[in-house]
Structures are given as structure tokens and as C-alpha cells.
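Under my numbering, the first residue of the sequence shown is numbered 13, with each subsequent residue one higher.
Ideal Cβ positions, reconstructed from N, Cα and C, are used throughout, including at glycine.
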Amino acid sequence: MKLLSILPICLTVVACANSGADYQPILDGTQTVAYREDLAACQSLARNQSQFDRETLEGTILGAGTGAAIGELDDDASALGGAMMGAVAGGLAGSVNASERREAIVIECLRGRGHRVVG
Numbered sequence: 013m014k015l016l017s018i019l020p021i022c023l024t025v026v027a028c029a030n031s032g033a034d035y036q037p038i039l040d041g042t043q044t045v046a047y048r049e050d051l052a053a054c055q056s057l058a059r060n061q062s063q064f065d066r067e068t069l070e071g072t073i074l075g076a077g078t079g080a081a082i083g084e085l086d087d088d089a090s091a092l093g094g095a096m097m098g099a100v101a102g103g104l105a106g107s108v109n110a111s112e113r114r115e116a117i118v119i120e121c122l123r124g125r126g127h128r129v130v131g
């Protein structure tokens with residue numbers, strides 16, 4: 013039953029992984045209607061990369077398992093405490109990675125459509 017307390021942490025971390033898709037890049041020039049339409053399409057493309065969500069969830073679960081094992085071996089810690097810390101660490105690392113990858117998709121998509129994105 014105590015393992016259910018990890019579930020909200022996992023779900024929160026996975027939800028944060030999508031934040032890179034909302035990236036607003038710096039454009040060298042003025043924002044035209046075509047740019048805004050392309051930005052929306054590129055952000056949608058980045059948002060729909062569900063494999064990043066799976067990778068983040070897998071990192072969270074792997075972190076929880078590793079943390080539980082370490083917590084069980086440590087005399088001063090508990091398996092549940094280790095699992096919670098491991099889930100947070102693994103999920104956070106996966107979330108940051110997914111966010112950065114989605115941001116890169118937005119930038120490269122816009123460049124591919126001919127926009128002068130500088131960052």
C-alpha cells in the first residue's frame with residue numbers, strides 16, 4: 013500500500029516532461045502569420061513524441077527500484093524512502109532530458125521550414 017504513495021510523484025514528473033514542446037524560440041526577424049502557424053505545428057509535433065514520456069516513466073520506475081534496493085541495504089534508510097527518492101531523481105532526470113529534446117524538435121522544425129531561429 014505504501015508503494016502507491018510513489019504514483020503521484022511519477023505522474024507529476026512525467027507531466028513535466030512535455031514542457032519543452034511549449035518553447036518559444038528567439039527569432040531573427042519579425043514574427044509573421046506563417047511563423048506563428050509553423051510554430052504551432054512544430055510545437056504540436058514535439059508534444060506528440062510520446063516515446064519521451066515512456067522514457068521518463070521508465071527512468072522514474074528504474075530510479076524507484078534502484079532507490080528501494082539501496083534503501084533496503086542501508087541500515088539507516090528504508091526501502092520506501094529509497095524508492096521515493098529514486099523515483100524523484102530518475103523521473104527528474106528523464107523529464108529534463110525529454111524537455112530538452114522537445115525544445116530541440118521545435119527549433120529544428122522551424123529551421124527546416126525556413127525560419128531564422130537563433131535559439
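Straight-line Cα distance separating residue j from residue i
i      : j     : result
Ser31  : Leu39 : 20 Å
Val108 : Val45 : 31 Å
Leu104 : Arg66 : 13 Å
Glu49  : Leu85 : 54 Å
Pro33  : Tyr47 : The residue asked about is misnamed: residue 33 is Ala in this sequence, not Pro. Distance between the alpha carbons of Ala33 and Tyr47 is about 16 Å.
Pair within 8 Å by beta-carbon distance, residue i and residue j
i      : j     : result
Ala99  : Gly75 : yes
Thr68  : Ala95 : no
Gly106 : Thr78 : no
Nearest-angstrom Cβ-Cβ length linking residue i and residue j, presumed shorter than 8 Å
i      : j     : result
Val118 : Ala58 : 5 Å
Ala80  : Ala91 : 4 Å
Task: Continuous alpha helix (DSSP H) assignments of at least 4 residues falling wholly in the segment 37–124 - done: 45–59, 62–85 and 91–124
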